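All letters in the sequence shown, in the order written, are residues 13 to 436 by our numbering.
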Amino acid sequence: MLDRRLIREQPDRVRRSLARRQLPVSVVDDVLALDADWRAAVTALDAAKAERNQISAQFAQAKGQAPDVLAALRERSNELGEAIASHEQAAASLDQRLTELLGQVPNILADDVPDGADESANRLLRASGDPPRLAFEPKPHWEIGEKLGIVDFERGVRIARSRFAVLEGAGARLSRALVNFFLERDVTAGFIEVSPPLLVNRESVEATGHLSKFSDAMFAVDDGSLFLSPTSEVQLVNLHRGEILEAADLPKRYTAYTACFRQEAGAAGKDTRGLIRQHQFEKVELVALTRPEDSSAIHEQIVRQAESLLQALELPYRVMLLCSGDTGFASQKTYDLEVWLPGQQAYREISSCSNCGDFQARRAGIRYRSAPKAKPEFVHTLNGSALAVGRTLVAVLENYQNEDGSVRVPRILQPYMDGAERIS
């Protein structure tokens, strides 16, 4: 959530960011109008309280005065009491409406985010590894997995519905090997492992901005009080919701392996086959809470950590800086890591690493003190996948496939699979 003072004092900056995101700028005027009404209500409330305090002081000095003087003071005090109650109700109502409106305003983009309407304008920063030169026509992962008997889409549909799958045998073992490898590397890099709930409450998803981003994409329990988490970023950021941290304890760095759940409501017709876009998927997430002056450096560290996993797996990938129209609601700057998939002859996202500045922390009330007794300031929050498990499994199946339909196990994963070198 943006600071209402920022919109009040720098409205043109907010308008520019909205325009860069290809979004209407009229919400800024709506916020300013509502903010003016709220401040007027607060001013009237403060004035009424001040006058009532004066009346109370006059009461204390009015002993022995004429009854009509005391009656007038008492009548005015009663009038002020009613006015205060009315002003309090008005101020609270306006504050709630203003907070709800601010909740619809996305984060302000960083200056170095390239302008553009969609992913076609994303900027290539670097690439690592050459796509494998196969002496045969590469197969997509769903054909490889079904032929090997390690991925079963039909039974996933039978158990649940479309966009669910079952991993069996070596497929399940390969998935588990990836999880263990990711977690070990992330913990070694200094991230604390967390095993959080998969259900999250409304306050949690509002705090991270996901109720705005995924409002039509989340699975919810019938009464709407709990949601199946769309990403463990939600749980990890909310570990410190409403807390004041000490600067010496920053950065806080966490990692979690969880299942994630999304309706994929806007994905009709996209990736209808395979594991790329599922209602349930697994990933290992990284989240950091930092001082503002450290967030850019830690953002780069998170990206490098995700890259190191792809490098260890010897998978070709590239790093993209997302353009303004493709950057997420809560993010001020996002890097996407895209892995090469021979079966699709395309790079596909496998990790998204974002710096959210103080946007989420303001919504979640996460602050820190730079020194003892110093005024609390908002931390910066950052997140990134290290890595998406299902998509990494897809990348392994397609990049390590053999002409006979078997799949080589990456060397780094062989110790996690009892030394197995091949899936056949």
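The beta carbon of each residue, even a glycine, is placed where N, CA and C say it ideally should be. What you are looking at is a predicted structure, and each value in this text was computed from that prediction instead of being measured.
Contact between L394 and H311 is confirmed by a C-beta separation of about 5 Å, below the 8 Å threshold.
In the structure shown, the three-state DSSP call for D164 is strand.
Rounded to whole angstroms, the Cβ separation of G286 and P143 is 19 Å, and the two are not in contact under 8 Å. Excluding five sequence positions before and after L353, the CB atoms of its chain that fall closer than 7 Å to its own CB belong to R360, V406, A407 and E410, given in chain order. Counting C-beta atoms within 10 angstroms of its own C-beta, I120 has 16 or more neighbours from the protein chains shown and is therefore classed as buried. In this model, R253 and A201 are separated by some 24 Å (Cα to Cα). Cα atoms of A172 and R188: separation of roughly 22 Å, rounded to the nearest angstrom. Taking G157 as reference, the option from G355, S397, P388 and S363 with the minimal CA-CA separation is G355.
Annotation for P263: A300, L301, T302, D306 and I310 place their beta carbon closer than 7 Å to its own, counting only its chain and skipping 5 residues before and after. Secondary structure of R145 (DSSP, three-state): coil. Annotation: the continuous alpha helix (DSSP H) that includes L30 extends over P23 to R32.
Only exposed fits Q73, as fewer than 16 other CB atoms lie within 10 angstroms of its CB. Remark: fewer than three beta-carbon pairs, one from each stretch, lie closer than 8 Å, so the region 261 to 275 and the region 418 to 425 are not flagged as touching.
Pairing S216 with V246 gives a Cβ-Cβ distance under 7 Å. The region 322 to 332 and the region 376 to 391 do not touch, with fewer than three beta-carbon pairs separated by less than 8 Å. Excluding sequence positions up to five before and after A60, its CB lies within less than 7 Å of the CB of L92, A95, I96 and H99, all in the same chain and listed in chain order. For G141, same chain residues with a beta-carbon under 6 Å away, outside a window of 5 residues either side, are P328 in chain order. DSSP links G396 through a beta bridge to L298 and C365.
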